[in-house]
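Numbering (this note's numbering), first residue to last: 430 to 697.
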């Protein structure tokens, strides 16, 4: 049995959806897939992808990314149009319901000496304070809508992290966790140009990193940054295998990545 990782497939792009459709329906029947968010903000398309991948793998695991929680999207006329729900929390709950109906795992799962632990998250600006450019450009600030009590990035992050608390008790011979958001900023390669670091404040949170440190997984898969990476920090192997946007060919692998198998352990 193998464990594969994939994130940020953004199937709103036709090229990405076509690639996904070409994944073999027979080669991965004994394997697991960790899908670490940013499939689509369109609920129907998200459900289609989850159903397709769920039929190709022994078990599919999923955590939503920021795109999944958008409740405003572009209409054909170029303006903004509402989706079926107008609150990002309600959309999150609806996605969880759809996953349950499709038998897609969003909670810890165990098979013999292996445990898979999905972890939710958001960003709280602990990686840095967003500048004016980022506040104008970052789509989440317009496309997400939160309840009145969730009036800050810290409150949003706390809402999701509270869902993780029981999962942090998991213990097994091999523990693999995954999240969409970055659990620590030092997973980012040092060669990232300074002008690209503007997005760092919205990549993740130190609080998520503290939860990962408490869990102490052997391997943690994350997404969101679109920068493929494999690095060991404090005894945990951190891996990003983002498919990314069609034109992001220099920072992403554009393929499924086997991160663990039952015979050889961690693979990259």
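For each residue, glycine too, the CB sits at the ideal point set by N, CA and C.
{"query": "Every unbroken beta strand (DSSP E) inside the stretch 472-498 [3 residues or more]", "result": "488-491"}
{"query": "Range covered by the alpha helix (DSSP H) that runs through residue 518", "result": "517-530"}
{"query": "Reduced DSSP secondary structure (H/G/I, E/B, other) of residue 602", "result": "coil"}
{"query": "Minimum length 4: unbroken alpha helix (DSSP H) runs contained in the stretch 610-673", "result": "635-644"}
{"query": "As assigned by DSSP and simplified to three states, the class of residue 562", "result": "helix"}
{"query": "Segment limits, alpha helix (DSSP H) that includes residue 448", "result": "443-450"}
{"query": "Exposed unless 16 or more other CB atoms sit within 10 angstroms - verdict on residue 470", "result": "buried"}
{"query": "The stretch 608-615 touching the stretch 629-646, judged by at least three CB pairs closer than 8 Å", "result": "yes"}
{"query": "For residue 506, three-class secondary structure by DSSP", "result": "Because residue 506 carries a pLDDT of 40, less than 50, the predicted location of this residue cannot be relied on, and the following value inherits that uncertainty. Three-state DSSP puts residue 506 in coil, outside helix and strand."}
{"query": "Residue 437 vs residue 655 beta-carbon contact at 8 Å", "result": "yes"}
{"query": "Where the beta strand (DSSP E) through residue 433 begins and ends", "result": "431-435"}
{"query": "Buried versus exposed call for residue 484 [16 or more other C-beta atoms within 10 Å across all chains shown]", "result": "exposed"}
{"query": "Residue 540, buried or exposed, once every other Cβ within 10 Å from all chains shown has been counted against 16", "result": "exposed"}
{"query": "Residues near residue 687 in its chain [Cβ-Cβ closer than 6 Å; skip 5 each side]", "result": "431, 433, 696"}
{"query": "Span of the beta strand (DSSP E), counted from its first residue to its last, around residue 690", "result": "686-690"}
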